[in-house]
Amino acid sequence: MVNTILACSCGGTAGLIISWLTSPHWSFLETVNGSLAGTVAICSGCNVVYPWGACIIGAIGAGAYSLLSRLVLRLGVDDPASSIAVHYGGGVVGVLSVAFFDRSRGILLRWDRQSGLDLAVQILGLLVITAWSGGLSA
0 MVNTILACSC
10 GGTAGLIISW
20 LTSPHWSFLE
30 TVNGSLAGTV
40 AICSGCNVVY
50 PWGACIIGAI
60 GAGAYSLLSR
70 LVLRLGVDDP
80 ASSIAVHYGG
90 GVVGVLSVAF
100 FDRSRGILLR
110 WDRQSGLDLA
120 VQILGLLVIT
130 AWSGGLSA
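The sequence shown runs 0 to 137 under numbering that gives the first Met the number 0.
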């Protein structure tokens with residue numbers, strides 16, 4: 000519960016800061032979507048990361064949302080609520096962050112062969128999920 004709340008609040012704060020840095024005004028929508036992306040990002044590892052890791056993951060999730068929402072807009076995809084960016088951007092960050100922030104064998108806390116293999120498995124899972132979701136929605 001604590002990690003989810005921290006990731007949500009750090010994602011919202013990061014979304015607010017990113018909107019202020021990239022446009023001349025504060026954006027409530029960017030803040031809310033940053034919070035949602037942070038929440039999505041922590042879901043895959045909320046029980047295995049430290050609270051400080053949850054803050055970082057939430058902020059990175061908001062950054063991924065911001066980048067992906069601009070890409071989706073540039074590609075001309077009709078997504079007025081930025082659902083693609085919130086869920087895919089946050090999801091990618093979440094899947095990959097487990098390999099880095101895991102308390103027992105994350106790359107940032109213990110670098111060895113097993114943590115590298117964990118990252119490879121996470122990347123493979125991400126590719127399978129992307130192919131499955133992309134194939135079903137095409």
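Cβ coordinates follow ideal geometry from the N, Cα and C atoms, glycine included. Quick caveat: nothing in here was measured; it's all calculated off a predicted structure.
Report yes if the C-beta distance between residue 127 and residue 89 is below 8 angstroms; otherwise report no. Within the sequence shown, the letter at position 128 stands for residue 127. Within the sequence shown, the letter at position 90 stands for residue 89. The answer is no: Cβ separation not under 8 angstroms.
Look up residue 71 in the DSSP assignment and say whether it is helix, strand or coil. As a first step, residue 71 must be located in the sequence shown, where it is residue number 72. Correct three-state label for residue 71: helix.
In this structure, how does DSSP classify residue 44 when only helix, strand and coil are distinguished? For the purposes of this step, residue 44 is taken as the residue at position 45 of the sequence shown. Residue 44 falls in the coil class under three-state DSSP.
Short of 6 angstroms in beta carbon distance, which residues of its chain neighbour residue 71, apart from the five on each side in sequence? Order them along the chain. Along the sequence shown, one-based indexing puts residue 71 at 72. Cβ within range, chain order: 78, 83, 84.
Which residues in the same chain have their Cβ closer than 7 angstroms to the Cβ of residue 41, if we skip the five residues on either side of it in sequence? Residue numbering aside, residue 41 sits at position 42 when the sequence shown is read from its first letter. Closer than 7 angstroms at Cβ, skipping near neighbours: 2, 3, 6, 53, 56, 57, 93.
If you follow the alpha helix (DSSP H) that residue 112 is part of, which residue opens it and which one closes it? Within the sequence shown, numbered from 1, the residue matching residue 112 stands at position 113. Start and end: 112-136.
For residue 61 and residue 123, I'd like the C-alpha separation in whole angstroms. Walking along the sequence shown from the start, residue 61 turns up at place 62. Walking along the sequence shown from the start, residue 123 turns up at place 124. Cα-Cα distance, rounded: 23 angstroms.
Can you give the beta carbon distance from residue 43 to residue 97, rounded, assuming they're within the 8 angstroms contact cut? For the purposes of this step, residue 43 is taken as residue 44 along the sequence shown, with counting starting at 1. For the purposes of this step, residue 97 is taken as residue 98 along the sequence shown, with counting starting at 1. So it is a contact: roughly 5 angstroms between Cβ atoms.
Does DSSP put residue 80 in a helix, in a strand, or in coil? Here residue 80 corresponds to residue number 81 of the sequence shown, with the count starting at 1. Coil at residue 80, not helix or strand.
In whole angstroms, give me the CA-to-CA distance for residue 115 and residue 101. Reading the sequence shown from its first residue, position 116 is the one you call residue 115. Reading the sequence shown from its first residue, position 102 is the one you call residue 101. Distance between the alpha carbons of residue 115 and residue 101 is about 12 angstroms.
Quick check on this structure: which residue in 117, 0, 32, 16 has the alpha carbon closest to the alpha carbon of residue 46? Residue 46 sits at position 47 when you count from the first residue of the sequence shown. The residue with the shortest Cα to Cα distance from residue 46 is 0.
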